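Residue numbers (the UniProt record's numbering): 1 to 577. Think of the CB as a built atom: it goes at the ideal place given N, C-alpha and C, for glycine as much as any other residue. Everything numeric in this text was worked out from a predicted model, so none of it was measured. Down below is the structure, laid out as structure tokens.
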RNA sequence: GCCCUCGUAGCUCAGGGGAUAGAGCAUUGGUUUCCGGAACCAUGUGCGGGAGUUCGAAUCUCUCCGAGGGCGCCA
């Protein structure tokens, strides 16, 4: 099992070790000159002070016996590359194995960890916007992949349900009337609600006083205030859940780890920092100075954990969160899917946690991402210039997808059409977000993401659907073809087989870098290879029954890799569209 | 002022030490209009500039230019 590149790398390792010493990397990569190339000889030659071609020959002399049955051809090329060509029998056997593997050839992790993934984190009584789209979609894909390879994953949705704005929000709710406010929030007019509260807060002194008084009551644990606060949280959470349902993400109420949850732990954070001797007083605030951070004036930059009037802030909460994850959840790794602007803040939180001895280096990872931009290359806005609500964006995706489906396939029954439009519309939005390198900003363009051509969700979904169509027309049970070993007679069949076997590497590359776009690129390449196969290799009209069976088997694995790959991205693959 | 991220073809993006830097879209010119459903082939003075490390650099380092972001009591 596993990618042939991985297999051959392991097989070659002893040959390289014999020539270059233990631990030498054969540096096996895909190649356009052959199926793969091993570049390790050049590095060894440098160290040994020898001619790289001679080194390659020495390696080859040993490797030939190790690769019997695996490679039909090994030749030395250029300055000392080993060009490797796999035997068709080896590829076919590997593919047959993958086809019968529940994980389609993807290796499980050798060491299962408990990993917390922190993502989505919307704010109570505040609208979800496109920034939340990124953290939610990327985080969800990472959760799915880590789980797939055998890790134990805890999702945490760190919703913002605490802080000074709640005084203002609660008072506004009382002004509106509780029932009225609740319905406003649950239907998703969070922006209007928050804005109205904000306006009153800034305009009226009496309202401001009430709000500040309410904050004191909230923090003091006043029962009625807590009940009112609870209404805000419950209605907002209900609204978030409708957005999550539309998006099709895994988050549920069980994953909520609200800021308020850490509230009782905050004094202890400060105490513990004092106990380990890290706490300093600076301008009246309680702070820690992590090494290497400077402010504008070139002075050490503090992480403030308690302000000059005794209040705690998000740094304190984040530190409590680290402690909770390490000591209560006993996680091995924590993944923060948070926007790039938070890089310094998180780095400082991690640094302080390490200084305090709570966190081992490398355990906490910031999976950062860039902005969603409009066609004008500025932050994506709605037509009226307001920041774009996530919910409105998703609704537009559904409308556009429905129109596209009506246009492409008018015969589709109405009931099925809605479901397909959902898969396409939401898939398109998610895929557009996932298919570019997350650290970069990306340009949001409806026409491109919903196109049935190019590197888009609809194109991949279409490739899947057309395979399903082949099986429908063939009236063949999908599972029945899984025991046949495919014959890789044409270049297209061979290329498709090689690609299918690379699913393993694609998933692991994605996990190793927390970069879903790697899997997207792979799936797009797979769809392209399938199209080449589809054009050149008749399936139902194959020359003979054995060829037909072989090609049906290739179709089946392709469809399953595509479906699973999309599933790992949180995108569904309809059987017809 | 300091720090971080980004800069690849007309556009949107891959490629993160290996051989001639790729894809999609768009463009232009052909072929096909037949199967299973939404065709295929061809088409390019492109790695922001410069220096360095290396047998080898789009990739690593430095520097300059450009864009975005962060830098003490909001989150």
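Buried or exposed by the 16-neighbour rule on C-beta atoms within 10 Å, applied to residue i
i	result
residue 388	buried
residue 337	buried
residue 70	buried
residue 101	exposed
residue 138	buried
residue 410	exposed
residue 335	buried
residue 540	exposed
residue 294	exposed
residue 395	exposed
residue 564	buried
residue 587	With the chain running from 1 to 577 in the structure shown, residue 587 is simply not present.
residue 430	buried
residue 47	exposed
residue 344	exposed
Per-residue DSSP class, three states only, for residue i
i	result
residue 335	strand
residue 71	strand
residue 367	strand
residue 133	helix
residue 442	strand
residue 256	strand
residue 379	strand
residue 280	strand
residue 14	helix
residue 50	coil
residue 299	coil
residue 76	strand
residue 158	coil
residue 44	helix
residue 448	helix
residue 372	strand
residue 612	Nothing about residue 612 can be read from this structure; the chain reaches only from 1 to 577.
residue 507	helix
residue 33	coil
residue 328	coil
residue 152	strand
residue 305	strand
Extent of the continuous beta strand (DSSP E) run through residue i
i	result
residue 213	Looking at the DSSP string, residue 213 is not in any beta strand (DSSP E); the run it does join, the alpha helix (DSSP H), is 205-219.
residue 121	No beta strand (DSSP E) contains residue 121, which DSSP labels as neither H nor E.
residue 86	81-86
residue 36	36-38
residue 492	Not the beta strand (DSSP E): residue 492 falls in the alpha helix (DSSP H), residues 491-501.
residue 30	28-30
residue 543	Run containing residue 543: none; DSSP gives neither H nor E here.
residue 285	285-288
Supposed close pair residue i, residue j - CB separation, criterion 8 angstroms
i	j	result
residue 568	residue 141	7 angstroms
residue 145	residue 405	That belief does not hold up - the Cβ atoms of residue 145 and residue 405 are roughly 29 angstroms apart, past 8 angstroms.
residue 402	residue 421	4 angstroms
residue 577	residue 474	Their Cβ separation, rounded to whole angstroms, is 19 angstroms, which puts residue 577 and residue 474 out of contact at 8 angstroms.
residue 131	residue 385	Their Cβ separation, rounded to whole angstroms, is 17 angstroms, which puts residue 131 and residue 385 out of contact at 8 angstroms.
residue 158	residue 118	6 angstroms
Unbroken alpha helix (DSSP H) run spanning residue i, endpoints
i	result
residue 395	390-408
residue 430	414-434
residue 174	165-176
residue 467	457-474
residue 345	343-355
residue 536	516-536
residue 575	Premise fails: residue 575 is in no alpha helix (DSSP H) and is neither H nor E.
residue 386	That residue, residue 386, is in no alpha helix (DSSP H); it is neither H nor E in DSSP.
residue 238	223-247
residue 272	266-275
residue 262	From DSSP, residue 262 is part of no alpha helix (DSSP H); its letter is neither H nor E.
Residues near residue i in its chain [Cβ-Cβ closer than 8 angstroms; skip 5 each side]
i	result
residue 308	283, 284 and 285
residue 239	185, 186, 187, 188 and 190
residue 215	164, 166 and 167
residue 213	167
residue 365	333, 334, 335, 336 and 514
Own chain partners of residue i with C-beta closer than 7 angstroms, once the 5 adjacent residues on each side are dropped
i	result
residue 490	536 and 537
residue 60	74, 76 and 82
residue 24	16, 17, 40 and 44
Own chain, CB closer than 6 angstroms to residue i, minus 5 neighbours either side, in chain order
i	result
residue 424	401 and 458
residue 494	488
residue 468	575
residue 235	182, 185 and 186
residue 520	434 and 435
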